[in-house]
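Residue numbers (the numbering used here): 215 to 493.
Below, the structure written as structure tokens:
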């Protein structure tokens, strides 16, 4: 009787990849976006589209025009998201043009994205208003894919990538707006810096936090994603300047190496209490 060897858990599966924090954001907080990538010469030097989600939640797709796409938001897998996505990518490369990868089967240890992707290739994120990126001009959609696309487009959360800080995203959910920012820093170091600002009432956006207040954070793939509740009616362009100012304050706080004082320690305890681990 054969026995499958399990894949080891990896806390930060995308560490070492260009755009690590954006990859986490696209997996967790961005509904419709794509990012560019390319396989190594060993794997054909093929341009790849990393997408938030694909039709019918397929892991990957060799699109009708020859474009290879991989879905980042996969519900099941091993303890190493990089290994899971590498399996999907390699399966798509082998699939005939116009064919989806519907299932990955049992995943065993093997190459990860870090082994399959060219780490020097451009990594550029594009946020989309809908899921029409699933198809290409002149490529007919099957009825089930068309139904899935229409359903997803009806429920999409308006989202925009901000320029004032890396991997920061504005989103409108109902009548509220939020800033969700996947930060690249060591978690303890970042929380110390944010606690220093919080103790001085400077952890919000804008004067006295009137443009947005820190409400908590979640952790995914080893990356911390702090969240701010923005002022009602905030548009993406309105967030850029206060976000840039907050990023500058955080950079200054990150450079401080002295231990936290009593006020900052209390502030840090409150910040930690507002965290949630997704996976």
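Beta carbons are placed, not taken as given, at the ideal position from N, Cα and C, and that holds for glycine.
Practice item. Return helix, strand or coil for residue 345, following the three-state DSSP convention. Key: Numbered from its first residue, the chain shown carries residue 345 at position 131. Residue state, collapsed to three classes: coil.
Check your understanding: Whole alpha helix (DSSP H) runs in the stretch 439–492 with 4 or more residues, listed along the chain?
Key -> If one requires a minimum length of 4 residues, the alpha helix (DSSP H) runs lying completely within the stretch 439–492 are 450–468 and 476–486, in chain order.
**Study point:** Contact set for residue 396: own chain, Cβ-Cβ below 6 angstroms, skip 5 residues either direction
**Key:** Numbered from 1 along the chain shown, position 182 holds the residue referred to as residue 396. Taken in chain order, the residues that qualify are 235, 238, 239, 381, 437 and 439.
Review point. Between residue 456 and residue 420, which are expected to be in contact by the criterion C-beta below 8 angstroms, what is the C-beta distance as a whole number of angstroms?
Key: Locating residue 456 in the chain shown gives position 242, where the first residue counts as 1. Locating residue 420 in the chain shown gives position 206, where the first residue counts as 1. That belief holds up - the Cβ atoms of residue 456 and residue 420 are roughly 4 angstroms apart, short of 8 angstroms.
Review point. On the premise that residue 227 lies in contact with residue 294, defined as a C-beta separation below 8 angstroms, what is that separation, rounded to the nearest angstrom?
Key: Counted from its first residue, the chain shown places residue 294 at position 80. Counted from its first residue, the chain shown places residue 227 at position 13. Contact holds; Cβ gap of about 5 angstroms.
Check your understanding: Could you give the distance in angstroms between the alpha-carbon of residue 245 and the alpha-carbon of residue 411?
Key -> On the chain shown, residue 245 is found 31 positions in, with the first residue counted as 1. On the chain shown, residue 411 is found 197 positions in, with the first residue counted as 1. In this structure, the alpha-carbon of residue 245 lies about 31 angstroms from that of residue 411.
Exercise for review: Decide if the stretch 357–367 is in contact with the stretch 251–263; the criterion is three or more beta carbon pairs, one per stretch, under 8 angstroms apart.
Suggested key: no
Check your understanding: How many angstroms separate the CA atom of residue 414 from the CA atom of residue 469?
Key -> Numbered from 1 along the chain shown, position 200 holds the residue referred to as residue 414. Numbered from 1 along the chain shown, position 255 holds the residue referred to as residue 469. Just so you know, the alpha carbons of residue 414 and residue 469 end up roughly 16 angstroms apart.
Check your understanding: How many angstroms separate the CA atom of residue 488 from the CA atom of residue 342?
Key -> As a working note, residue 488 is residue 274 in the chain shown. As a working note, residue 342 is residue 128 in the chain shown. Distance between the alpha carbons of residue 488 and residue 342 is about 30 angstroms.
Practice item. On a CA-only basis, which of 321, 372 and 355 is nearest residue 344? Give me that one, please. Key: Residue 344 sits at position 130 when you count from the first residue of the chain shown. Residue 372 is the option with its Cα nearest to residue 344.
Check your understanding: Does DSSP classify residue 307 as helix, strand or coil?
Key -> Your numbering for residue 307 matches position 93 in the chain shown. Reduced to three states, the DSSP call for residue 307 is helix.
Review point. Pick from 225, 378 and 394: whose alpha carbon is nearest that of residue 385?
Key: If you number the chain shown from 1, residue 385 lands on position 171. Nearest option by C-alpha distance: 394.
Practice item. Assign residue 267 to one of three DSSP states: helix, strand, or coil. Key: Here residue 267 corresponds to residue number 53 of the chain shown, with the count starting at 1. Looking at residue 267 - three-state DSSP - the assignment turns out to be coil, as it is neither helix nor strand.
Review point. What are the boundary residues of the alpha helix (DSSP H) that includes residue 412?
Key: In the chain shown, residue 412 corresponds to position 198, counting from 1. First-last of the alpha helix (DSSP H) with residue 412: 401–413.
Check your understanding: Near residue 481, what residues of its chain come up, given a Cβ to Cβ distance below 6 angstroms and the 5 sequence neighbours on each side ignored?
Key -> Translated into the one-based positions of the chain shown, residue 481 becomes position 267. Closer than 6 angstroms at Cβ, skipping near neighbours: 409, 412 and 413.
Point to revise | Straight-line gap, residue 220 to residue 320 (C-alpha atoms, nearest Å) | key: Residue mapping note: residue 220 aligns to position 6 of the chain shown, counting from 1. Residue mapping note: residue 320 aligns to position 106 of the chain shown, counting from 1. Taking the straight line joining both Cα atoms gives about 9 angstroms.
Check your understanding: For residue 274 versus residue 340, is the C-beta spacing smaller than 8 angstroms?
Key -> Here residue 274 refers to the residue found at position 60 of the chain shown. Here residue 340 refers to the residue found at position 126 of the chain shown. No.
Practice item. Report back the beta-carbon spacing between residue 424 and residue 445 to the nearest angstrom; my notes put them in contact at under 8 angstroms. Key: Taking the first residue of the chain shown as position 1, residue 424 is located at position 210. Taking the first residue of the chain shown as position 1, residue 445 is located at position 231. Their Cβ separation, rounded to whole angstroms, is 6 angstroms, which keeps residue 424 and residue 445 in contact under 8 angstroms.
Point to revise | Integer Cβ distance of residue 328 from residue 233, believed to fall under 8 angstroms | key: Start at 1 with the first residue of the chain shown, and residue 328 comes out as number 114. Start at 1 with the first residue of the chain shown, and residue 233 comes out as number 19. Going by Cβ atoms, the distance from residue 328 to residue 233 rounds to 13 angstroms, so no, they are not a contact pair.
Point to revise | Rounded C-alpha distance that separates residue 308 from residue 323 | key: The count along the chain shown starts at 1 and reaches residue 308 at position 94. The count along the chain shown starts at 1 and reaches residue 323 at position 109. Rounded to the nearest angstrom, the two C-alpha atoms are 19 angstroms apart.
Check your understanding: alpha helix (DSSP H) containing residue 362: first to last residue?
Key -> Residue 362 sits at position 148 when you count from the first residue of the chain shown. Where residue 362 is concerned, the enclosing alpha helix (DSSP H) stretches over 357–369.
Review point. Which of helix, strand or coil does DSSP assign to residue 260?
Key: As a position in the chain shown, residue 260 is number 46, starting the count at 1. Note: residue 260 maps to coil in three-state DSSP.
Check your understanding: Run through DSSP, which three-state label would residue 233 get?
Key -> Stepping through the chain shown from its first residue, residue 233 is reached at position 19. Of the three classes helix, strand and coil, the one that applies to residue 233 here is coil, per DSSP.
**Study point:** CA-to-CA distance, residue 476 to residue 334, given in whole angstroms
**Key:** Counting from one through the chain shown, the residue named residue 334 turns up at place 120. Counting from one through the chain shown, the residue named residue 476 turns up at place 262. One C-alpha to the other measures close to 45 angstroms.
Point to revise | chain D within 8 angstroms of residue 323, Cβ atoms only | key: Protein chain content of the structure displayed is limited to a single chain, and chain D is not contained in it.
Review point. Once you ignore the five residues that flank residue 241 on each side, which residues in its own chain have a CB closer than 8 angstroms to its CB?
Key: Along the chain shown, read from residue 1 onward, the residue named residue 241 stands at position 27. Contacts found: 266, 286, 287, 295, 434 and 435.
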